[in-house]
Amino acid sequence: MQLQAMKLCVPLSDAFRIRQDALLPIVNAISFKRPGPELFRGKTHFLECSYNIADPDLPTALERSGFLTALKSGKYTSFACDIGPNCEFVAVYTANGLPRSAPASSLVSDEEYLERCARNAEWLRGHFSGYIQLENLNYFPTGAYEHVCEPAFVHRIVEFTRIPLLLDVGHAMVSAHYMGYREPMDYIRELPLKGIREVQLSRAGMLNGIFEDLHEPPGESELAIVEALTALGAPIQYLTVEYYRDAATLLQVYQSLAKRVTEDGVRTEIVTIHDERF
Numbered sequence: 000m001q002l003q004a005m006k007l008c009v010p011l012s013d014a015f016r017i018r019q020d021a022l023l024p025i026v027n028a029i030s031f032k033r034p035g036p037e038l039f040r041g042k043t044h045f046l047e048c049s050y051n052i053a054d055p056d057l058p059t060a061l062e063r064s065g066f067l068t069a070l071k072s073g074k075y076t077s078f079a080c081d082i083g084p085n086c087e088f089v090a091v092y093t094a095n096g097l098p099r100s101a102p103a104s105s106l107v108s109d110e111e112y113l114e115r116c117a118r119n120a121e122w123l124r125g126h127f128s129g130y131i132q133l134e135n136l137n138y139f140p141t142g143a144y145e146h147v148c149e150p151a152f153v154h155r156i157v158e159f160t161r162i163p164l165l166l167d168v169g170h171a172m173v174s175a176h177y178m179g180y181r182e183p184m185d186y187i188r189e190l191p192l193k194g195i196r197e198v199q200l201s202r203a204g205m206l207n208g209i210f211e212d213l214h215e216p217p218g219e220s221e222l223a224i225v226e227a228l229t230a231l232g233a234p235i236q237y238l239t240v241e242y243y244r245d246a247a248t249l250l251q252v253y254q255s256l257a258k259r260v261t262e263d264g265v266r267t268e269i270v271t272i273h274d275e276r277f
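Quick note on numbering that gives the first Met the number 0: the sequence shown kicks off at 0 and runs consecutively.
Set out below in structure tokens:
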């Protein structure tokens, strides 16, 4: 299976840092989960956060956490935040120690949710001139994920905000499982695929009887989803593997992916500097 004309992005992590000398020549972009000082010359820098696009306090949260300063720095070409729950929520944990959101208030109306999304989208565009994306949420039957994982409503969010989807395949597989879809692609093909530039890959599956995003390396079934997306016309430019544990495994995964994609734009210069402003 060939994944033509795609570039590779790697998340900044301890595993990446251990093998960065071997990883940097085969990736095009580095994804930051929070603002950080590293600069990788010749590489594109992405920034993403777990804040909710519908959170009325999103501007304040981004300012207090340093994200706003980072977005204005010129370092990052892309920024992503989440399509989050449409209620106040608290974190709870499964028997596997993995987080869920549980409702701490009643659900807001769809109209109010969309208006909040649109206001925050305009605010973001006023402070960041780069590419903005919204990451799909993974549905769990806790009561906090209603509506926001339904493909029709995700379409409305994308339309109201005029911000495309960042497709997290692991999240989509979890949503498909709990929402009763027969196959993950049955769910994914209903999402707004137009404008998708980045796909995040990880493997989902059962862990102690609970279906989770395992954040394990993707297999052939996950790569087949990417191939199916391109066949449907999704304009994917970047593949990111969301795996963070073992450095040797991370390198092996990216070396395997590099054999499947064209290497247009990959820079082999390996220069890392630090700038505390970012």
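Heads up, the beta-carbon is just placed ideally off N, CA and C, and yes, glycines get one too.
No experiment lies behind these values; they were computed from the predicted model shown.
Host alpha helix (DSSP H) of residue 133 (start-end): Note, residue 133: premise wrong, no alpha helix (DSSP H); beta strand (DSSP E) at 130-134.
Between residue 135 and the rest of its own chain, which residues show a CB-CB distance below 8 Å, the 5 nearest in sequence each way excluded? 82, 148, 153, 164, 165, 166, 167, 170, 171, 174 and 190
Inspect the beta-carbon positions of residue 198 and residue 162 and report whether they are closer than 8 Å. no
Leaving out the 5 sequence neighbours to the left and right, which residues in its chain are closer than 8 Å to residue 101 when beta-carbon positions are compared? 88, 89, 90, 91, 141, 142 and 143
Assigned exposure category for residue 36 - 16 Cβ within 10 Å defines buried: exposed
Can you tell me which of the three DSSP states residue 204 falls into? strand
Would you list the one or two residues that DSSP bridges to residue 197? 237
Beta-carbon proximity list for residue 216, same chain, < 6 Å, skipping 5 on both sides: 242 and 252
Check whether the region 106-114 touches the region 62-81, taking contact to mean three or more Cβ pairs, one atom from each stretch, closer than 8 Å. no
Whole-angstrom distance between residue 246 and residue 125, CA atom to CA atom: 38 Å
Nearest candidate by alpha-carbon position, reference residue 30, set 6, 108 and 53: 6
Euclidean distance between Cα positions of residue 9 and residue 44: 10 Å
Can you tell me whether residue 84 is buried or exposed? The criterion is at least 16 other CB atoms within 10 Å of its CB, across all chains shown. buried
For residue 254, is the classification buried or exposed, using 16 other Cβ atoms within 10 angstroms of its Cβ as the cut-off for buried? exposed
At the level of alpha carbons, what is the spacing between residue 258 and residue 97? 33 Å
Neighbour-count burial assignment, residue 209, 16 or more Cβ in a 10 Å radius: exposed
Cα-Cα separation between residue 52 and residue 61, rounded to whole angstroms: 11 Å
Residue range of the unbroken beta strand (DSSP E) whose run includes residue 43: 43-51
With a threshold of 8 Å on Cβ separation, who are the neighbours of residue 177 within its own chain once the five nearest residues in sequence on each side are excluded? 138, 139, 140 and 210
Jot down the residue ranges of each uninterrupted alpha helix (DSSP H) in the region 141-191, minimum 4 residues, whole runs only, in chain order. 150-160, 168-177 and 183-187
Quick check on the burial criterion: 16 or more other C-beta atoms within 10 angstroms. Buried or exposed for residue 202? buried
May I have the straight-line CA-CA distance separating residue 207 from residue 95, to the nearest angstrom? 7 Å
Residue span of the alpha helix (DSSP H) that contains residue 252, given as start and end: 246-257
In three-state DSSP terms, what is residue 54? coil
In this structure, what does DSSP give as the bridge partners for residue 243? Note: residue 243 sits in no beta bridge, so no partner.
Alpha carbon to alpha carbon, what distance is there between residue 57 and residue 75? 19 Å
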